[in-house]
Amino acid sequence: MFLELDGHGPHYAQLARALRSAVLDGRLGTGTRLPPTRELARELELSRTTVLSAYEQLRAEGFIEGHTGSGSYVASLQTHPPLLPATPSIESPSRYAQRARTVRTPGIATKHRGLRYELQYGHSQINPALNGIWGRELARAAIYTPPQITHVQGLPALRKQICDYLARRRGVRISPEQVMVVAGTQQAVTIAARVLLDEGDAVVLEEPHYFSMHQALIAHGARICPVRTDDEGLVCNELPQISPSLVCVTPSHQFPTGAVLSLPRRLELLRYAEKHQCWILEDDYDGEFRYTAHPLAALRSLDKGDRVIYVGTFSKVLFGTLRMAYMVLPAALVDDFVNAKYLSDVASPGIEQAALAHFMEDGGFERHLRLARKELQARRDALIEGLHRYAGDRVEIGGSPAGMHVVAWLRGYDHARAEALIELAQGRGLGLYSMTPHYLDPPARPGLLLGYCGLSVTTLREAMQLFGQCLDDMDARQV
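In short: position in the sequence shown from 1, add 14, done, that's my numbering.
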């Protein structure tokens with residue numbers, strides 16, 4: 015307990031004043047148990063007699079009360095804690111801070127916390143067996159990992175495993191010198207902005223898009239050039255005639271619509287980058303999870319001009335709290351990106367990198383992916399089956415058979431009615447999420463982004479039954 019004695023008068027009186035002040039200003043609330051006298055005496059380097067005297071003084075004044083065999087507690091007082099001082103309104107200290115104030119997240123991360131049926135996108139699949147395996151890998155790595163920070167770019171063993179994995183699964187053939195380990199996709203975007211952009215530079219962004227990518231670019235000072243997407247991904251013939259500095263795409267599974275960038279458009283985008291001498295950021299956020307076909311080759315695998323910066327993540331396929339991703343860098347930019355990484359956080363955590371490297375080398379990572387892919391397909395099937403059964407033609411299901419979410423477009427709804435549906439569902443324990451935050455301008459029709467990773471097959475079926483009931487009640491309101 016932090017108590018500051020004022021130095022005036024006997025020690026017991028100073029202690030009594032300090033405790034009295036803590037009670038009156040709300041730091042010690044009603045019913046709070048005070049430390050035992052011996053413990054507080056030792057902590058404050060006072061005699062126990064001094065503490066006993068202070069407690070007796072406060073007990074006589076009615077500030078504390080003693081419970082035999084239990085200790086001393088703050089009494090119930092008819093007082094009100096002081097008002098907190100108003101936060102002063104000051105100007106942002108920099109242009110970056112000023113822009114960042116305007117792009118705060120729309121509260122998705124905490125909007126529906128604690129709901130039984132949480133359909134938020136981005137939750138990792140819960141796999142108790144993986145927790146035990148990962149714990150053993152961490153324990154092993156803790157023993158063998160050198161304590162010194164030696165690799166800003168990432169542990170060589172992990173970078174080699176990433177290269178081997180990308181060659182097998184994504185068709186990307188590169189050397190470990192082109193790989194850099196970072197703390198999640200968001201850091202990858204931020205570092206790319208620092209290296210590639212100056213304030214006012216143009217950046218092409220898919221419409222719709224992942225809102226956190228948009229926010230990172232806006233905070234950096236980028237000038238956003240939205241380009242429409244359709245069932246074949248980015249509409250490349252609508253790319254701007256001006257030369258942007260960067261084009262950000264999700265070609266393997268467009269976020270959030272789920273479209274796959276067609277091969278003709280992939281080649282057209284690469285030609286555009288070569289012609290305009292711009293860079294492409296390929297965010298392959300869930301390329302591991304395709305359920306009816308083999309994994310697609312990455313856009314980077316077709317890149318002959320070394321213009322594509324490829325970003326992959328372990329956070330979604332393992333644990334959200336792992337916060338580990340990687341970048342495949344053009345050879346000409348490696349030093350610039352490593353310098354920016356060093357200035358950001360020196361290096362990523364070494365023990366986690368060593369654990370992951372061994373997990374991949376031992377085959378555990380791909381075994382996990384096979385099991386996860388099978389389980390997520392079952393969850394996706396349960397969600398879609400439930401939508402057909404309980405929602406029927408009131409929703410239109412979009413997206414490809416891949417990834418970790420489903421898009422459900424609401425038929426006969428406007429945006430106000432869609433928000434009313436979301437609010438109704440929340441009151442019944444069902445977390446639904448609008449597509450609107452991922453658009454610069456609201457889409458013509460409202461839709462829902464339904465993530466299914468965090469719920470079991472059985473729970474997803476229950477969630478869809480509840481969703482159908484919410485739709486029924488919304489229909490009844492219109493009658």
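Ideal Cβ placement from N, Cα and C applies to all residues, glycine included.
Keep in mind that this is a model prediction, so the values were computed, not measured.
- Item | Inter-residue Cα distance where the pair is leucine 336 and glycine 247 | 30 Å
- Query: Just the Cα atoms here: how many angstroms apart are proline 161 and phenylalanine 16?
  - Reply: 34 Å
- Local conformation of leucine 444 per DSSP, three classes: Assignment of leucine 444 by DSSP, reduced to helix, strand and coil, places it in the strand class.
- Closest to proline 142 by CA distance: which of Phe333, Ala392, Tyr453 is it? Phe333
- Take valine 421 and list the residues in its own chain whose beta-carbon comes closer than 8 Å to its own, dropping the five residues that flank it on each side. Closer than 8 Å at the Cβ level, and outside the excluded window around valine 421, lie Pro270, Thr271, Gly272, Ile411, Gly412, Gly413, Met449, Gly461, Leu462, Leu463, Leu464.
- Query: If we ignore side chains and look at the alpha-carbon of each, how far apart do leucine 444 and leucine 438 end up?
  - Reply: Using only the alpha carbons, I get a separation of about 9 Å.
- For the region 385-401 and the region 338-357, state whether three or more C-beta atom pairs, one from each stretch, are separated by less than 8 Å. no
- Should leucine 12 go down as buried or exposed, given a rule of 16 or more other Cβ atoms within 10 Å for buried? Since the first and last residues shown for the chain are 15 and 493, residue 12 lies out of range.
- Query: Could you give the residue range of the alpha helix (DSSP H) that holds methionine 478?
  - Reply: In the DSSP annotation of this structure, the continuous segment of the alpha helix (DSSP H) that includes methionine 478 starts and ends at 471-492.
- Can you give me the Cβ contacts of aspartate 20 inside the same chain, cut-off strictly under 8 Å, excluding the 5 residues immediately before and after it? Gln28, Arg31, Ala32
- Beta-bridge partners of threonine 327, as assigned by DSSP: Threonine 327 is bridged to Ala339.
- Task: Over the uninterrupted beta strand (DSSP E) stretch that includes glutamate 18, give me the two end residues.
- Result: Counting along the chain, glutamate 18 falls outside any beta strand (DSSP E), and DSSP gives it neither H nor E.
- Message: What does the Cβ neighbour count give for glycine 550, buried or exposed, with the cut at 16 atoms within 10 Å?
- Response: The requested residue 550 does not occur in the structure, where the chain is confined to residues 15 to 493.
- Query: Looking only at C-alpha atoms, which of Leu91, Tyr158, Val218 sits nearest to glutamine 255?
  - Reply: Val218
- Message: Assuming arginine 73 and glycine 80 are in contact, meaning their beta carbons sit under 8 Å apart, how far apart are those beta carbons, in whole angstroms?
- Response: 6 Å
- Please list, in chain order, all residues of the same chain as alanine 369 whose beta carbon is under 8 Å from its beta carbon, the five residues on each side excluded. Result list for alanine 369: Trp148, Glu151, Leu152, Arg154, Ala155, in chain order.
- Query: Cβ of histidine 549 within 7 Å of Cβ of leucine 60?
  - Reply: With the chain running from 15 to 493 in the structure shown, residue 549 is simply not present.
- Task: Taking only runs that begin and end inside the region 192-265, name each unbroken alpha helix (DSSP H) of 4 or more residues, in chain order.
- Result: Fully enclosed alpha helix (DSSP H) runs of 4 or longer: 199-210, 225-234.
- Message: Quick check on the burial criterion: 16 or more other C-beta atoms within 10 angstroms. Buried or exposed for proline 50?
- Response: Within a 10 Å sphere around the beta-carbon of proline 50 sit fewer than 16 other beta-carbons, which makes this residue exposed.
- Apply the 10 Å Cβ neighbour rule to proline 258 and answer buried if 16 or more other Cβ atoms are within range, or exposed otherwise. buried
- Taking the C-alpha atoms as reference points, what is the distance between glutamate 252 and glycine 136? 30 Å
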